[in-house]
Each structure stands twice: as C-alpha cells, then as structure tokens.
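Protein sequences appear in the order of chains A, B, C and D.
Going by our numbering, the first sequence opens with residue 1, and the numbers climb by one from there.
Going by our numbering, the second sequence opens with residue 1001, and the numbers climb by one from there.
Going by our numbering, the third sequence opens with residue 2001, and the numbers climb by one from there.
Going by our numbering, the fourth sequence opens with residue 3001, and the numbers climb by one from there.
Even glycine gets a Cβ: it sits at the ideal position worked out from N, Cα and C.
Heads up, the thing below is written out as structure tokens.
4 protein chains.
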Amino acid sequence: MLVIMRKDSSADQCSGVEDAIRRMGFTPLPVPGADRTAICVTGNRDPVDSALLSRLPGVLECIAVTRPYKMVSREVHPQTTVVQVGDVKVGGSEPVIIAGPCSVETEARTIAIAEAVKQAGAKMFRAGAYKPRTSPYSFQGLGEEGLVTLKKVRDQVGLPVVSEVVETETIDLTLEYVDALQIGARNMKNYSLLKKLAKVRKPVLLKRGLAGTFEEWLMVAEYLLSGGNEQVILCERGVRTFSDHSRNTLDLNVVPLVRQVSHLPILVDPSHGVGKRERVRSMCRAAIASGTHGLLVETHTDPSTSYSDADQTIDVESLRGISRDIEILVGLEDLFGHESNPAVA
Amino acid sequence: MLVIMRKDSSADQCSGVEDAIRRMGFTPLPVPGADRTAICVTGNRDPVDSALLSRLPGVLECIAVTRPYKMVSREVHPQTTVVQVGDVKVGGSEPVIIAGPCSVETEARTIAIAEAVKQAGAKMFRAGAYKPRTSPYSFQGLGEEGLVTLKKVRDQVGLPVVSEVVETETIDLTLEYVDALQIGARNMKNYSLLKKLAKVRKPVLLKRGLAGTFEEWLMVAEYLLSGGNEQVILCERGVRTFSDHSRNTLDLNVVPLVRQVSHLPILVDPSHGVGKRERVRSMCRAAIASGTHGLLVETHTDPSTSYSDADQTIDVESLRGISRDIEILVGLEDLFGHESNPAVA
Amino acid sequence: MLVIMRKDSSADQCSGVEDAIRRMGFTPLPVPGADRTAICVTGNRDPVDSALLSRLPGVLECIAVTRPYKMVSREVHPQTTVVQVGDVKVGGSEPVIIAGPCSVETEARTIAIAEAVKQAGAKMFRAGAYKPRTSPYSFQGLGEEGLVTLKKVRDQVGLPVVSEVVETETIDLTLEYVDALQIGARNMKNYSLLKKLAKVRKPVLLKRGLAGTFEEWLMVAEYLLSGGNEQVILCERGVRTFSDHSRNTLDLNVVPLVRQVSHLPILVDPSHGVGKRERVRSMCRAAIASGTHGLLVETHTDPSTSYSDADQTIDVESLRGISRDIEILVGLEDLFGHESNPAVA
Amino acid sequence: MLVIMRKDSSADQCSGVEDAIRRMGFTPLPVPGADRTAICVTGNRDPVDSALLSRLPGVLECIAVTRPYKMVSREVHPQTTVVQVGDVKVGGSEPVIIAGPCSVETEARTIAIAEAVKQAGAKMFRAGAYKPRTSPYSFQGLGEEGLVTLKKVRDQVGLPVVSEVVETETIDLTLEYVDALQIGARNMKNYSLLKKLAKVRKPVLLKRGLAGTFEEWLMVAEYLLSGGNEQVILCERGVRTFSDHSRNTLDLNVVPLVRQVSHLPILVDPSHGVGKRERVRSMCRAAIASGTHGLLVETHTDPSTSYSDADQTIDVESLRGISRDIEILVGLEDLFGHESNPAVA
C-alpha cells in the first residue's frame, strides 16, 4: 500500500498517517517527492485495507501494491495445472474440444449428437440440464431428466460430460451424473454456489462474467482453490461492451495473460463470444492460435432446430473443420511448451 | 417480428420464409421495399423466437418488435405501484431515505447508528448480515447474529429493516427477521434466488446488475411478478463502464425511463454509484431531482471504522443535509405527480 | 513512480533498477515488503516515463503516482475560474442555460427560436453551423451562412452565441461571428484543433469524448491552458457504454469530481446525454442538483421539424419549466459556495 | 422504417401516421398485430429519417430497417477489394506484415530498423512523423524531418511506407513522401480530415475509433468511398471497455464480420490491442487465424529505447517468429479463399 499525501499536507498530517500505519501493526516508510510525499506501508503479508488510511487528514489517495490473489498465481505454482475430466486432460499439450448442444434435448437426439461430435473430434460433451434464461417465459431446461441423458451419453458414447449448475440445491444430484460442473457467466459472483463447489471433488469450469475484470475472475477462482478445490478450469466467453455487432466481445487478450500470471488452464467459448454461427469457426481458430487449452463449441446435428441458442450453434461438419484447423495450429512454435513463461516471445 | 430478406433473395426464398411463418401458426405479411423485401410476422401474442427464421435461405436478419416484458409494463398497469415496507410507502408522493452501515456491526453500534439515521430523516434501515465479497479473505458478514440485531433495530428503534439475501438456503431465516429482502447486483441473474423470492410474501428490492441492460433488469422483475410477488422495488446502483474515476457509473437516465415504461417504484443507491464519500451527497441530490422514489445511502456514526465499504459511507451530519435537500427538491413541479406519464415535460 | 519487483527478483536485479533510476537523474528508494520489494523513484518534478524501467529484468510493473495534469488542477489554482462569454459568467454563483437548435436553420426561424429561448430563461445561444455527421448522406450544416445568422442573433436578440468548430481552416472565420467556440465530443482528441484553439482569445467549450476518461479529458484541457488559453469550460455530454436504453450514458459523477479536482467550470448537456426529448428535463434537474455550472439544452420552437437531432430537442415551454426548476434548485445549500472544497458534505 | 404504434393508439392516430408517411413521398403499409399495430414505410430508396414520425401521437417507436451504408457493402461489390500500396497488395491471398517503430526516430536508426524488419518478413514500413499524444508535455513527433526519413526508407530499403496524418494542413506535404496515409483511432470521426482524404489518390488505412461501433466505422469508410477514394483499408486496433488488464480490448470478432459484409480489406494492430510486448505475438497469431489480411506491428531493434509506446513494441526476433507463424497459418482451409462468403463454415 502506498499512501499519497496532498501537496498541501502538513508534517503533522504525515505523522498522523505514520502513526495509523503503526497501529495497524505495519511499518511506515515516508518517501519525500518533488512536490508531495508518499508513505509506503511495509511489513504486511496480505493486501492492506485502505479504509482506515484513505480518510485521514492530508491523504490524497491510497494505491494498492500487493496482488490480492495468491493460490491461483503462477508465482506460487510455476507449472500449469492439468485438470483431468474423466480420462481427458485439460491444460496439457493438446487443445481439447468440448462440444454439444446448448440444452440437453431428447435422449435419442442427444446421443446422436454426442456420437457425431465424438466422430468430429470432440473429447468431452457439454449440454445444459438447468438453463438460466433471461425471460421467465423461455424454456428452462429438462432438469434431472437431462442429467440422466447426460449419464447415458457418458456410458454409451464414452465421452466425459460437463453441465452447468445454477443453484446449490442441485449440486449433489448433478454430481451423480456428470464429470465436471460448469459455473455460468451469470453466476461468476454467486458466492454461495462457489463456496459449495469449493468442497466438491470434481473439476469446475469457471466462466468469466459479463462484467468480470481479469482480477475479479481470478479472485473467484481463488475462492475455489482456497476452499479446497484445485481442479479449476477458466473459460473466457466474451464480455459486455458498447460493441453491438456481436452477442458479446470475445476478449482473447486474456488467453496469453492467464497463461502468464496463473497456472490454471484456460478455455474459450467462441459460440457465446460471437453469437453468430457463421463466424464461430473463425474465432475458434483465433482462440487456439492465441494459446487456449481448449474450446467450448455449441454444436448440433441440426442447428436450426436447437432448443436454445440456435443462432450460435454450428453443425457437425463445421466442427470437423475445426478439428482439422487444430491439427495445423498445433504446429505453431511453443504453443503449449513454455510452462513457466507461456506467452510466446 | 420483422424478417428482412437479403437484396439478392429469390421469390422462392421469400415463399420459404412465409411457409415457415405459417407453420409456426402465424400469418406472414410481405412488405416489398425499394431494394429488398421485409416479411412481417403477424398474429402472435408473445415474442416470436427468431431461431427458426433467421437461418432460412435468403434471410438477412430478424428484428423483434414486441417488447418481451408484460407484467412490469406501465402499458398494462398505468398507476405506479406503491410498495409498503412495514409502515413506509415506497412509490408514493414522498421520497424515502433508507440508510445504515454496509454491514451489520455490533448490536450496540448498530442500534446507535439506527437511532442516529432515524433522527437524521431515514425512514428505513438497511445493513448486510450476509455479504458477497470479491475476496475469500475479506469479512463475510455476521450471518444470523446480524439478523437478530436487525430485528432489535426494528423493535427498539422503530424503523423497518431491509437486508440482502445471497442464497436460497437463508431466505426463510432472513424472512423471520426483516421487512424486505434485497437482491444484490451480483445476483441480478441468479434465477434460482429469483424464483424463490417470487414466492415470498414480503417486498423485494432488486438492484440492477453491473452489466444489466434496462430490458434485462425489467425481465428479472418480470420473473418476480410472473412468479407471484408484485411487491418489487427497482434500485439503480451504477453499472460498469470504461469510466474509471468512480467505483461505478451511476446511470440516472434510467430513473425517468423506469417511471415512463414501468409501474414499479425506483430507488437509487449513490453510495455504490460513486464510491467516494465526499461526492455522495451531490449524487443523492441529483437522484432525487431526476425523480427517484427514494435513496439507499450507506451511513455510519463513524464512517472510517466501518466493517466494509468505509470509503463510500457518509456520516450522520451529511445524511441530515440530504434530508434538508429533499425538503427543497420536493418543491419541483410534478416530481411525483404524473403517474401515467411521469417524465416531466 | 513506484517500481514493483517480482517475488523471485534477485538483489542484482534490484540494483539494476536502482542504477537505471539514477541514470534518469532521479533517486531510488527501495521499500522492502513481506514478500517482494518496491523501489520508489524520487526527485522527479514531472511524471516519469515508465518505458525505461518496466522492461528491466525482475520488474513486475510500474505504478504512476504523480498526476499528469498541472494547470487545470485545483491544487495549483484554488479558486474556480469564471469564464466570461459576452456578458455572461460561467462558473459563478448562478447556473447558466445555453439553448438553441442543434443546427442553425433559416434566419427567420433561428432568430425566432433565439427570442423564445431568451424569454424562457436562456442566457446564451448555441447552434451548429458546421455539423459533424455520422453519415456522408446527412445534412452537414449551413457553414458561413449559418455563422452570419448567429451574429444576427447576437446583435438583434442580445444573447452571446457559441458554435462548434470542426476544422482548423474555419476557426478564424468562426471567430468573427461568435463569442465562444465549442470542441465537439468527436474532436476531443483532435490535437491539431486543440493546439490552434489554445492560441485563440475567446472561450472554448470542451465536450468530453464518447470514450474519454476523466484524466484524458482534463489532459485535453491542459493542452488548451498550457498553450495559452485559460478560458476553458468543460462539458459532460454522456459517454458510450453497453447501456443501450439511452443515446449515451450521462456520467453525472464527473460534476462533483471536476469541482473537487479542477478549477474549471463544468456544464452538462442532457440532450445528448439522454437522446430522448421526454426525459431531458428530468436530467437537467439532476445535472443542476449535482452542481453543474450550467446546461446546454437543444431547444426549438417546433422540435419535430428540427434540421437535426429532433428526437432530443425540447420545446420552449419545457425550457421555461427548466428555468423554474433552477429557481428552486439554487436553494440547495452551498450549491456553488464551497470554492476550495466544492463537493458538499 | 417500421413505425410501432402504442397499444392504446387510436385509429385516427394510425391514419395520422399513414398521412405523414405519404407526405414524405412514401407508401404506408399497416401491419395489424395481436395487441398493437405496426406501419411499414415502403417506397424509400434511402434510410428514412425517423424524426418526423417518432413524435406523432400514438407512436411508440421507429425501427430502422435499411442499412445506412452502401458503397462499402459486399452486397453491392461482391469481390474483396485489393488495395495496392507501392507494389504490395493488401486484401489478396497473402497476409501482409506492416512493421516499424511507433515514431520515426533518427535517420540512421530508422533505416536500420527498416532493414531489420524487411529481413524479418515485413512488406511495408510504418512509423509516425506526427504523433497525437494524450499529454501536451509528451514528444510530438519529428514532423517533416520524419517524413524525409520515411522517403529514404522507401528509396534505400525498398519498402512502401505508411504514416499517420493528424491534420488537413499536412496532407499534401505527407503525400509527397509516403505511399499510404493512416487515419488514427482518435481521428476516426474527424470529418474534416476524412473529406480531404476522400480526394486523395493514395490508399488510406482507417483505424477504428476507441468507441466506434462497427456500423459507424463502415460509415466513415463510406465517407471516403462516396467522396471518391476507393482505396481504403480497415484496421481494428482495440476498443475501450471496462476490461482493464490490457491497454485496449482487441475486438477480433470484427474480422470475419468485415469479410462477410464489406469488400474492403481488414488489418489488425495487436500492438495497441494488447499494449504489452510479451503478449503481442500471441495476438498476431490469433488475428491471422481469424482471417485478417495483415498485421500492423510496432517493432524496434531496441524496443526499450523507443521514442514512444516502448511497452508494446516487440523486437525483430519476435517479428521473425510472427513470419514463421504466418507460414503455418496460411495452411488453414479457405483462409482467403471464399471471396463472396468469407467466413469459413
């Protein structure tokens, strides 16, 4: 913490700040400048709460220096964490495709889609049994019936399955059926959900919220790790900005940044990031090239009849194209090689 | 729904779209234009899902015409809804101040604050027993102990109390102690919470999310109303934008807009909207002048020692000033007079 | 400048940074922390360029401490600057209304509007002769013919006139006809225009850009002041955010902030800030209550026939209402009283 | 244009709107709906101005249907435009690297950089002689001296050169020295500059503004094309959002969208889009994979001593790596093949 004093602050005011820092158990270190003084807070192990200092007489502002997250940081854990979902490794040397329809549909159709995406290169299956929907009048998901279908996908098709949980009440039920749990963008700051998922023994796929800063997102992951669950996969899916030509603004800049500052694996969901089927493959390519450990792609054998999000769902032929793209893209130098300094340079 | 055809679309493609509209049970009405054709969907009672139409050959885009919300609309309910919390009316002809510390603190201190804010003009008390916090290492609220204290505030000080619920598990418990429940900004799209609060017989104060559009916010209120709870109070508390000089960007434009299109009462929370104590009173004035039905103001007898959000918490003397401001501001013409056409003109 | 070292930085790397700071002519002051070291740069009079330091081995990041603006700061100029336009004072103890149509129209109609807005309480007249338009196919303004009309307004109606300049070539011509020049939002960072307006002997009304941060906006004012023109009036007109229910998001939080950190007067333009006629008066009230020194309001005797921006142009009767509102609002305590600490508290 | 009537609008009000449409020279077509009526405006060749209609009694809102841009649209010009700068083709089947330092530096150093980037695969050289800078106290570029150096680069090194123009006064001078002119992000809506560049016989590289929507950006290109200059290259360089971990938010979603709706070539500038040297190569890869026709990369033989933007400037070795990346990425299917339907599917 650095306390910046006002230009016209008095020596007494500076002493007052130093005393307050000492009362907090830390050591003040004054730094005289050309036209104002700054006072460093030293001796703290954790971020200092600025509240007690920022309102003292003569103080202009307080600047935080220590990063608030610890356990998710690559500084404390230099090797990339590999999260295993079923027999699939996320965070290793191969980008992983997770595919499936937005919602679980009928059993027959869901299994047919799973077979098709597996043939097209997907290593994991994802579909929603519980759907958070903007309108109370929209389809809300099949619930437990959907979970039963997902388990059949796993058993019959042989793909690990991941599905979203939207409330604490259905976590235990969902765990019986799926291999990994997704926290959706709307629930990134649902701390009640996070605290319970921190106690779960299965991997969690954590989507970034529509208004989530990079630091907030990592702090949410910190909730999970500090609560006991280290099997966390981050997932960028676009943020909300003024830019209205796409459903969201896919912020691919986070991919090399996550790989630089955190040891957690990072996925990208171009389906929500773009929102338009015909541009999904281009953004899948971009995501892989930026260094993501995998893709989440809404895929359907007959996209226009999807139960939800039909506009952004691609067909199986396109998914096959994406698999071919990945074969080429993994030829890029050091795409997953530099564990401790992962941004290529 | 209006289906815009591409310039180079063929007559067959137009027929295809018309057939699809008929299969949905609606009536197509083609509108030939100078250089392209549009096809109106008529006969629908509810918003039409564009998924089935937007992907048909020759279609450029689909434009929604019907507004997705119904029960919250002033078109179906011309008079402003007055929500009663204890004996306090929100939405009537007098702006209401709701004040209190960010978090419930010790019983003695909390009651002292409540006495002081009552003297200063507050009509309702608000403090958090359950706190959603960005960092897992921050103070998380006193829980039930805090609720007990809130009930003592109501009984001893005589102010109705409102407090935030952050998970479904504690709704019933919270209902035993408080007069109204708050849905915080982070939980605006926590549909699990919303569906349960729709069944509650007490008023709900619904904060706008950091990335919530106006329409999404009203749709969330629609969840509550369509689920059975008509005692909903909206609350603007700032949104997240590039503008980094304040904690959030307080979007006061919504105040006259809510009053124009919805019958629900609208509050403003300038504490979170600005994030800096010394600018809170100015924004309280602005909010009242824009037509808000009340204010939510974080207030403390000793702000710099607040358990949380000290930077944005004002002292009691400032709250008294805000009460005096309101006495002047209610002199503005038609501030709450034009029920059916509330934006002054 | 504060240089934060990585946790794993070596003593040699710290020495390297200290040497680099000395080579820049400044004095390094190391601040050892619990788990990392920071090195303060001291002895600088101006902001330090981080480029030379941020890339040195072992450096995590550089944090700027000194504010980049000087002449616009209230720290160096404690009294609010009063800018005089004709015989009208902006920044004094009375909020000023500046009104007029978006574009200069025919002479007869423009003069009729000017007479009407004067009767309704406006103290200054504003209309555009040169219009920056999003579409090349839209009306681009009357040019010099418009300027001639503006001068007639001044001579016949007796209101000082202000008009926008969009290019350096027409500055001299415009100066012959008007009392103050406006820099529009689109040109906030048109440095070529700014440098020439810094040499002008007439007041400049500087609108905030759609993506302009508070600091950038003050830095643009700094261009004008450091170039020799101290008659600068700031004007907030809304910024661009995801919030799509209004034309722009009016960021009233800047009003008390400008008054706190700068000595320049601040206006608000609710017409662009809202974009919808029926909500303009509500936001005018809010702006005045927040402490603005005046309003810019697009007004017309027959709004729906305006040459441009008809949707956001109010009629003269509404402007009269705003004048009555101001009579009430100036009753607020210390609305313009606290020059050196202007945010009311 | 579609005029939506209020639910409670009367038959007379509908007739009034129809009459107004006829007075504008167009044909009204009423579309009765379940609970409200819409009236289509037909017979217009250009976008209809909503001003005259939106304020009529009974009207709820007006929805534009016709796209405002024409000449930049792929609908009217199905083949991608190839813009030739010197002997380099932008928009063809090979992605082009444009590199150089942020600012022109000394002649010797600038030529040395140019030689180095040419060896590393760059096909064009870019450096700024006139620099728009946020602070009046920052380095403002070398001006004509810089242009002279750029011409020497072209003559001695053999790379076409591009440089930014920031004011109309220096356009003619700049044209004597360079092969293409850049419009910077800050000047995207500097219409005075745009109108003059529309008359120029050299290619224009048009950067997207920090708050520029996709449609506004294309409308700016429309200014250039409709004014007579068809040699326009678009360039995405990041927009301003709440996301504060990178200098800007690089909006790669526009790349497939530009290729879908416009025939103009599209470049990406990851240097500004990220703002941090160590993440530039990752985003260059992403940009190429998304389908950009080329890259603008700030490169220097000794980045940390750059005159400006040192933090985002890469070294020559990294540029060589990007060239190797492109060799792999052009192996992607149909990267530039589908001229008339360019988003891969």
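Unbroken alpha helix (DSSP H) run spanning residue i, endpoints
{"i": "methionine 3219 (chain D)", "result": "3214-3227"}
{"i": "glycine 1146 (chain B)", "result": "1144-1152"}
{"i": "proline 2270 (chain C)", "result": "2270-2274"}
{"i": "isoleucine 3326 (chain D)", "result": "3316-3329"}
{"i": "cysteine 14 (chain A)", "result": "11-23"}
{"i": "alanine 108 (chain A)", "result": "107-119"}
{"i": "serine 2192 (chain C)", "result": "2191-2197"}
{"i": "cysteine 62 (chain A)", "result": "That residue, cysteine 62 (chain A), is in no alpha helix (DSSP H); its beta strand (DSSP E) goes 59-63."}
Closer than 7 Å at the beta carbon, the chain D residues around residue i
{"i": "alanine 1051 (chain B)", "result": "Here the premise fails: no neighbours, minimum Cβ distance about 18 Å."}
{"i": "leucine 1029 (chain B)", "result": "Val3031"}
First through last residue of the beta strand (DSSP E) which encompasses residue i
{"i": "leucine 2205 (chain C)", "result": "2204-2207"}
{"i": "methionine 3124 (chain D)", "result": "3124-3126"}
{"i": "valine 1256 (chain B)", "result": "Before going further, note that residue 1256 (chain B) is proline rather than valine in the sequence given. Per DSSP, proline 1256 (chain B) belongs to no beta strand (DSSP E); it is in the alpha helix (DSSP H), 1254-1261."}
{"i": "glutamine 2140 (chain C)", "result": "Run containing glutamine 2140 (chain C): none; DSSP gives neither H nor E here."}
{"i": "alanine 3180 (chain D)", "result": "3180-3183"}
{"i": "lysine 1089 (chain B)", "result": "1088-1090"}
Contacts of residue i in chain C (Cβ-Cβ under 9 Å)
{"i": "threonine 1241 (chain B)", "result": "Val2239, Arg2240, Thr2241, Phe2242, Ser2243, Thr2249, Asp2251"}
{"i": "arginine 3055 (chain D)", "result": "Arg2277, Pro2303, Ser2304, Ala2310, Asp2311"}
Heavy atom of the ligand SAM within 8 Å of residue i beta-carbon
{"i": "arginine 55 (chain A)", "result": "The ligand SAM is not part of this structure, which contains no ligands at all."}
Short Cβ contact (9 Å threshold) for residue i with residue j
{"i": "glutamate 2197 (chain C)", "j": "asparagine 2229 (chain C)", "result": "Strictly speaking, residue 2197 (chain C) in this sequence is leucine, with glutamate absent from that position. Going by C-beta atoms, leucine 2197 (chain C) is nearer than 9 Å to asparagine 2229 (chain C)."}
{"i": "isoleucine 1233 (chain B)", "j": "arginine 1281 (chain B)", "result": "no"}
{"i": "glutamate 3061 (chain D)", "j": "proline 256 (chain A)", "result": "no"}
{"i": "valine 274 (chain A)", "j": "arginine 247 (chain A)", "result": "yes"}
{"i": "alanine 3221 (chain D)", "j": "leucine 329 (chain A)", "result": "no"}
{"i": "alanine 1185 (chain B)", "j": "leucine 1147 (chain B)", "result": "no"}
CB-CB length for residue i against residue j, believed under 8 Å
{"i": "glycine 143 (chain A)", "j": "serine 103 (chain A)", "result": "At roughly 11 Å, the Cβ-Cβ gap does not stay under 8 Å, so glycine 143 (chain A) and serine 103 (chain A) are not in contact."}
{"i": "aspartate 2251 (chain C)", "j": "valine 2239 (chain C)", "result": "5 Å"}
{"i": "proline 2203 (chain C)", "j": "valine 2085 (chain C)", "result": "5 Å"}
{"i": "glutamate 2298 (chain C)", "j": "threonine 2313 (chain C)", "result": "4 Å"}
{"i": "isoleucine 1171 (chain B)", "j": "valine 1178 (chain B)", "result": "At roughly 11 Å, the Cβ-Cβ gap does not stay under 8 Å, so isoleucine 1171 (chain B) and valine 1178 (chain B) are not in contact."}
Proximal chain A residues relative to residue i, where beta-carbon distance stays under 9 Å
{"i": "phenylalanine 3214 (chain D)", "result": "Ser243, Asp244, His245, Ser246"}
Interface residues of chain A facing residue i [CB-CB closer than 8 Å]
{"i": "isoleucine 3328 (chain D)", "result": "Ile328, Leu329, Gly331, Leu332"}
{"i": "glycine 1226 (chain B)", "result": "One detail in the question is off: residue 1226 (chain B) reads as serine in this sequence, not glycine. The answer, in chain order, is Pro136, Tyr137."}
Proximal chain A residues relative to residue i, where beta-carbon distance stays under 7 Å
{"i": "methionine 1219 (chain B)", "result": "Thr134, Ser135"}
{"i": "lysine 1189 (chain B)", "result": "Pro132, Arg186"}
{"i": "cysteine 2014 (chain C)", "result": "Under the 7 Å cutoff, chain A gives no residues; its nearest Cβ is about 15 Å from cysteine 2014 (chain C)."}
{"i": "valine 3274 (chain D)", "result": "Asn253"}
{"i": "proline 1068 (chain B)", "result": "Ser135"}
Beta-carbon neighbours of residue i, restricted to chain B and to distances below 8 Å
{"i": "threonine 3170 (chain D)", "result": "None at all; the shortest Cβ gap to chain B is about 31 Å."}
{"i": "glutamate 3075 (chain D)", "result": "Arg1006, Lys1007, Asp1008"}
8 Å Cβ cut-off: residues of chain C touching residue i
{"i": "methionine 1000 (chain B)", "result": "Nothing about residue 1000 (chain B) can be read from this structure; chain B reaches only from 1001 to 1345."}
{"i": "arginine 1324 (chain B)", "result": "Glu2333"}
Contact set between residue i and chain C, taken where Cβ atoms lie within less than 7 Å
{"i": "leucine 3210 (chain D)", "result": "Ala2211"}
Chain B contact residues for residue i, given Cβ-Cβ distances below 9 Å
{"i": "lysine 3196 (chain D)", "result": "Those do not exist, as lysine 3196 (chain D) stays about 30 Å from chain B at its closest Cβ, beyond 9 Å."}
{"i": "glutamate 346 (chain A)", "result": "The shown model of chain A, from 1 to 345, leaves out residue 346 (chain A), and the question about it has no answer."}
Contacts that residue i makes with chain B (C-beta to C-beta distance below 7 Å)
{"i": "serine 192 (chain A)", "result": "Val1166, Glu1167"}
Do the stretch 116-128 of chain A and the stretch 157-169 of chain A touch if we need at least three Cβ pairs shorter than 8 Å? yes
Counting pairs of beta carbons, one from the stretch 1293-1311 of chain B and one from the stretch 1064-1074 of chain B, are three or more of them closer than 8 Å? no
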